[in-house]
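Read the structure below first, then the notes.
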Amino acid sequence: MAFGLFKDGEELFDSALEEIKRKEYDKAQKTLNKALDKNTKNADIARVYIAFISVGNDLNSPGAYDGLKNRLEGLKQDSFQFGLATFDTEMLKKECACMSACISARNMSDSSAKGNALMEAARNLMAAIGNNNLRINEYYTGNAITGTRMATGLMAEANEILADDIFESDPQKAAEYQQQAYNFRRQNGESGEANLRKMQQYSKACTCWICGRQVVGEGLHFFLMSANPSPQQVEKDKGEIQHSISESRDLYVCRACYTAISRRADAIANGYYDKALDQMRAGDAALQAQILAMDARITRLQTQISFMRN
Ligand SMILES: [Zn+2]
């Protein structure tokens, strides 16, 4: 070519392929855009590549996965090459839809909606990808995770979120969610220890030492309060089904009694504080008056001395 400096669309596209193989993705994106400007015949796949690189730049962006999915819709080939890897167009479309849904669910702020959306995303992931690897993640991070494995993790996460959300109003139901989460964690080879601990807390019951009400859910519906029960009281409590005294001899107190006592104690403490402050202020004022009187006397004495000298 006489004017080799100016590459045509196809030459630019070929350069981009080389750049992708060298993992120079930013450069490749720019070259692909130039190839599109020069009307390359490979426009559809060039757009797919640009979108594929955008996903790699931010693996947590639902918009990037949506963008890639849209570009794949316009691709008229069953599979394509990216770098040294081959991708199945249909499978990749499904993967993009699933990943976008998973990340969007994770970004939700309302716990109940988030938990349910994560479950739905996990079910779709299991159905669409199953035991196949998530290819995009594998390509960019080198970690091979199957759809099922990721879905199982999402199910655990969803159940934990729902448990935390409902704990306040229904500890029993929250314990059921934690049980589910535990099962999913175990399926993924994790210990599930945190779930077990929460289940124990959620289902732990006591009799409030103060009001005698029975309460379920340690850490939210009842608390421990430091005290010094007599040995006789400790002994008597051992016979009860739902204890009022813990093994460390602290008292179980329901949330209502606990907050009532705490708030009253705060109010009393604040009263003492205000009183002490007032007394300090009064003392200060008296001291100030004495200092002023003393000042006046010194001035008077100074005047008398200087008068006697003259
Ligand atoms: Zn109580």
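Residue numbering for the sequence shown follows the working numbering, starting at 804 and increasing by one per position.
Note that beta-carbon positions come from the ideal geometry of N, C-alpha and C, so glycine has one too.
Inter-residue distance for K837 and D847 is about 14 Å (C-alpha atoms, whole angstroms).
Restricting attention to C1011, R1066, R1103, G877, the CA atom closest to the CA of R850 is found in G877.
Its chain contains D968 as the residues whose beta carbon lies nearer than 6 Å to that of S915, once the 5 sequence neighbours on both sides are disregarded; these appear in chain order.
Looking at the backbone, the Cα of I932 and that of A908 are separated by about 18 Å.
Remark: the C-beta of I906 is outside contact range of ligand 1, defined as less than 8 Å to any heavy atom.
Within a 10 Å sphere around the beta-carbon of L887 sit fewer than 16 other beta-carbons, which makes this residue exposed. Nearest neighbour of N860 by Cα position, chosen from A1030, G1020, F987, Y942, turns out to be Y942. Around the beta carbon of T944, fewer than 16 other beta carbons lie within 10 angstroms, which makes this residue exposed. By the Cβ criterion, the stretch 967–982 is in contact with the stretch 998–1014, since at least three pairs of Cβ atoms, one from each stretch, lie closer than 8 Å.
Beyond the five residues adjoining it in sequence on each side, Y1061 comes within less than 6 Å, by CB distance, of F1026 in the same chain, given in chain order. If the five residues before and after D1053 are omitted, its C-beta is found closer than 8 Å to the C-beta atoms of L1027, M1028, S1029, A1030, all from its own chain and listed in chain order.
Runs of the beta strand (DSSP E) lying entirely within the stretch 949–1034 and spanning at least 3 residues, in chain order: 1008–1010, 1017–1019, 1025–1028.
Distances between the C-beta of G1020 and the heavy atoms of ligand 1 are all 8 Å or more. In terms of side-chain proximity, the C-beta atom of I1048 is found no nearer than 8 Å to any non-hydrogen atom of ligand 1. For T843, the closest of K872, E813, K826 by C-alpha to C-alpha distance is E813.
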